[in-house]
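Protein chains in written order, with my numbering: chain A, 1 to 347; chain B, 348 to 694.
Protein chains: 2
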Amino acid sequence: MNDDKSKMIGLQSIEFIKPPYIIAEGSIVGKKEGEGPLGLYFDKIEEDSFLGKGTWEEAESELMRQAVKIVMEKSGLKKEDVRYLIGGDLLSQLIATSFGIEEFDIPLFGIYGACSTMGEAISIGAILVEGGFADKVLAITSSHYASAEKQFRFPLNYANQRPSCASWTVTGSGAVIISKDKPESNEEVKIIIRGITTGKVVDYGIKDAMNMGAAMAPAAYETIYQNFKDFAIEPDYYDKIITGDLGAVGKDILNDLLKEKGYDASEQLMDCGVEIYNAEQQDTHAGGSGCGCSAATFSSYIIKQLKDQSWKRVLFVPTGALLSPVSFNIGNAVPGIAHAVMVESVE
Amino acid sequence: MNDDKSKMIGLQSIEFIKPPYIIAEGSIVGKKEGEGPLGLYFDKIEEDSFLGKGTWEEAESELMRQAVKIVMEKSGLKKEDVRYLIGGDLLSQLIATSFGIEEFDIPLFGIYGACSTMGEAISIGAILVEGGFADKVLAITSSHYASAEKQFRFPLNYANQRPSCASWTVTGSGAVIISKDKPESNEEVKIIIRGITTGKVVDYGIKDAMNMGAAMAPAAYETIYQNFKDFAIEPDYYDKIITGDLGAVGKDILNDLLKEKGYDASEQLMDCGVEIYNAEQQDTHAGGSGCGCSAATFSSYIIKQLKDQSWKRVLFVPTGALLSPVSFNIGNAVPGIAHAVMVESVE
């Protein structure tokens, strides 16, 4: 270790001198996500959309509670081994998180970055571990189709029509344990967090809350572009560059924006929102969205590919649309934000 | 510097080996706060409750925008000198923050801890600086009386009656610059962040959203108690232990809870919500509340006392009530959280 080497890279990035490990991952999703193309990868598929609770909000808290339990059990850790929990969700005042995690009695940094929240959670988690502030932390987010529709759009009972650019909020939660030390198992392949690129609020003046892919694509573009510049790399440094929930529409816009800057990432680009559903068969239009979309996909399918070394280097870029029903109703635009995490598989 | 020394202290605390400096502070408040006992300490008092905007939410964003401008101007920094902005507010999906800070083009970690948010912002800011991830960061929060009433309680036009335990949301914003290096001025007294104690979600089952002091007092108690234990200190280590917005009711409960554990902190306890208004003359009942209450008080009056060395050691403990209108309406309790920051004046 060279103490003189700066961790600060370029304008917006950090390179971890002692890269933290992701030693466990846990995921839970709803029935629809379980029936999608990634169904086999999730730890748990919950058939009851209320998860035995009386309200959608309590159901979402239960998703988080179960994701914590799964990842703790898989890691073999006790709650006192985890020094911080970093988490958030889409509901006003983060109630899914507050009520979902309170029984675990772990110091909490509540965060909000809309659907980019898992990128922010892993970023802050890695900072805490690499900086010597914690040996192990837990990063988590969730979303629920019904609580999000109630929060942001229309109550389900209105049965309003959805435009083809609209996305479908994923019912799910994903959690990872970030650790200073390698996992205790004898697995040869380890997953490390090499670095991060932290996003800014990016506002291109998009005003259509039903087309969040278009609102978030510029933010994803700016963060990915900055990652290339800060680390002086080309798209093919990565096996995959995986955005959170741009959906089919936003993914095309992102590809075009990068091409305009001379970066052809067509081979690398992938989007959790596109992967998680079979859009035609499942009638999900532009794809999945919500904090739980990227979190559950990362904590299952993406980690699995890295463990198998099908991919060795992934840029994970959850993307958030910074709107609220109030900001939309008073006529504000929908700015975006995207936080990138460089995840690698090493032997 | 001894690299072998752990920064992790006890169960929930961090002691900074190289304590970061607070090199500048900025505050802006509304007319009512300007007329209160701390009026002389704020950088700016805004007479127009709309701050020239068309909605309460945009007015709150404007408070943040101005607080950033004040602290940047006082510090002499340019926006490219600030590597991260850590901030949040009480509005759903943090819209005051997203729209308030977007023009500054600084990487953002959006956070939410209800009215404890300034404690969380300074904590994460100090971690980023001390861990070598940034040379300078900006921590900020805001609240606005009218946007908060609209969000959490009743539209002002309903003119509903307020019980005497109810608090009054502060219109204001406070911001500080946290730096690796000392301020460039030749001032002999420097303000440092010695350590932090990060809170957990604490739920005593309080269900009265009009009595947030009682809901938050147990969280303040648990964080302060843990701070004493982790650092093996007594209340008189501090000149002041300053909670965020417990108000008169919550402050008494906190004092009693500490006494039950054998700690008499009667001399040290102070509450931003109690200090910011003259409750009798200003009809503010239990006192001020909101993210802006502790942030504006810290970024003005508290820093001034430390600079003058009237106080040398302060435990700043913003306190948050983790409720939303939805969680309240579905019958959930109001859990609390409190994040403590050890701020000291050194020569």
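Backbone N, C-alpha and C define an ideal beta-carbon position, used for all residues, glycine too.
inquiry  = For A340 of chain A, which residues in the same chain have their Cβ closer than 6 Å to its Cβ, ignoring the five residues on either side in sequence?
reply    = The residues T197, T223, N227, L315, V317, in chain order, have a CB closer than 6 Å to that of A340 of chain A in the same chain once the five nearest residues on each side in sequence are set aside.
inquiry  = Could you give the first and the last residue of the continuous beta strand (DSSP E) run that contains L662 of chain B?
reply    = Looking at the DSSP string, the run of the beta strand (DSSP E) that includes L662 of chain B is 660 to 664.
message = Taking the alpha helix (DSSP H) that L63 of chain A belongs to, which residues open and close that run?
response = 56 to 75
inquiry  = Helix, strand or coil for V201 of chain A? Go by DSSP, reduced to three states.
reply    = coil
S123 of chain A burial status per 10 Å Cβ neighbour count (16 or more: buried) = buried
query = How about V418 of chain B and A522 of chain B: do their beta carbons lie closer than 8 Å?
reply = Yes; because the gap between Cβ atoms is below 8 Å, this pair is in contact.
inquiry  = Using a 10 Å radius around the Cβ and a threshold of 16 neighbouring Cβ atoms, would you call E33 of chain A buried or exposed?
reply    = buried
Residue-chain proximity (V201 of chain A, chain B), Cβ-Cβ < 8 Å = yes
inquiry  = Using only the alpha-carbon positions, how far apart do E184 of chain A and F389 of chain B sit?
reply    = Using only the alpha carbons, I get a separation of about 53 Å.
Which of helix, strand or coil DSSP assigns to G336 of chain A = strand
key: Straight-line Cα distance separating I14 of chain A from Q413 of chain B   = 29 Å
ask   = If you draw a straight line from the C-alpha of G76 of chain A to the C-alpha of E25 of chain A, how long is it?
value = 12 Å
message = Against chain A, which members of the region 662 to 685 of chain B pass a CB distance test of less than 8 Å?
response = Those residues of the region 662 to 685 of chain B that come within reach of chain A (Cβ to Cβ, closer than 8 Å) are L669, L670, S671, P672, V673, S674, I677, N679, P682, I684.
query = Can you name the residues of chain B whose CB is closer than 7 Å to the CB of K7 of chain A?
reply = G479, F480
ask   = Which value, in whole angstroms, describes the spacing of the CA atoms of A493 of chain B and E394 of chain B?
value = If I take the Cα positions, the gap works out to 14 Å.
request  = Keeping to the same chain, check which residues put their C-beta closer than 6 Å to that of A296 of chain A; ignore five residues upstream and five downstream.
outcome  = S27, V29, G172, G174
Chain-ordered neighbours of Y112 of chain A on chain B, where CB pairs are closer than 9 Å = G435, Q440, L441, T444, G457, I458, Y459
task = Would you list the one or two residues that DSSP bridges to F456 of chain B?
result = B:I433
query = Looking at the unbroken alpha helix (DSSP H) that takes in L269 of chain A, where does it start and where does it end?
reply = Careful: L269 of chain A lies outside any alpha helix (DSSP H), inside the beta strand (DSSP E) at 269 to 271.
request  = Taking C-beta pairs closer than 7 Å, name the residues in chain B that V105 of chain A reaches, listed in chain order.
outcome  = The residue you asked about is not Val; residue 105 of chain A is Asp in the sequence shown. Going along chain B in sequence order, the residues near D105 of chain A (Cβ under 7 Å) are K547.
message = I need the DSSP call for E222 of chain A, collapsed to helix, strand or coil.
response = helix
query = Between which two residues does the alpha helix (DSSP H) containing A232 of chain A stretch?
reply = Looking at the DSSP string, A232 of chain A is not in any alpha helix (DSSP H), and its letter there is neither H nor E.
task = Specify, as a first and last residue, the run of the beta strand (DSSP E) that G172 of chain A falls within.
result = Residue range 172 to 179 is occupied by the beta strand (DSSP E) that includes G172 of chain A.
message = Our contact map puts A148 of chain A next to G290 of chain A with C-beta atoms below 8 Å; I'd like the distance itself, whole angstroms only.
response = 6 Å
key: Sequence-distant residues of its chain with Cβ nearer than 7 Å to F499 of chain B (five each side left out)   = P672
task = Indicate whether at least one CB of chain B lies closer than 8 Å to the CB of Y277 of chain A.
result = Taking Cβ atoms only, chain B never reaches closer than 8 Å to Y277 of chain A, which makes this a no.
task = Run down chain B in chain order and give the residues with a C-beta less than 7 Å from the C-beta of Q12 of chain A.
result = P454
request  = Per DSSP, which residues does K136 of chain A bridge with? Please list them.
outcome  = A:S179
key: Chain-ordered residues of the region 32 to 55 of chain A with a beta carbon less than 9 Å from chain B   = G54, T55
query = Cβ of G87 of chain A within 8 Å of Cβ of T169 of chain A?
reply = no
request  = Could you check which residue in A:Q282, A:H285, A:E234, A:A59 has the C-alpha nearest to that of K261 of chain A?
outcome  = That would be A:E234, whose Cα lies nearest to the Cα of K261 of chain A.
query = Given that L269 of chain A touches chain B, what residues does it touch there, using C-beta distances under 8 Å?
reply = Chain B residues near L269 of chain A: none, gap ~23 Å exceeds 8 Å.
key: A561 of chain B to I600 of chain B span [Cα, whole Å]   = 7 Å
task = Assign P510 of chain B to one of two classes, buried (16 or more other C-beta atoms within 10 Å of its C-beta) or exposed (fewer than that).
result = exposed
Residues of the region 568 to 587 of chain B whose Cβ lies closer than 7 Å to any Cβ of chain A, in chain order = none
Distance CB(A279 of chain A)-CB(M210 of chain A) smaller than 8 Å = no
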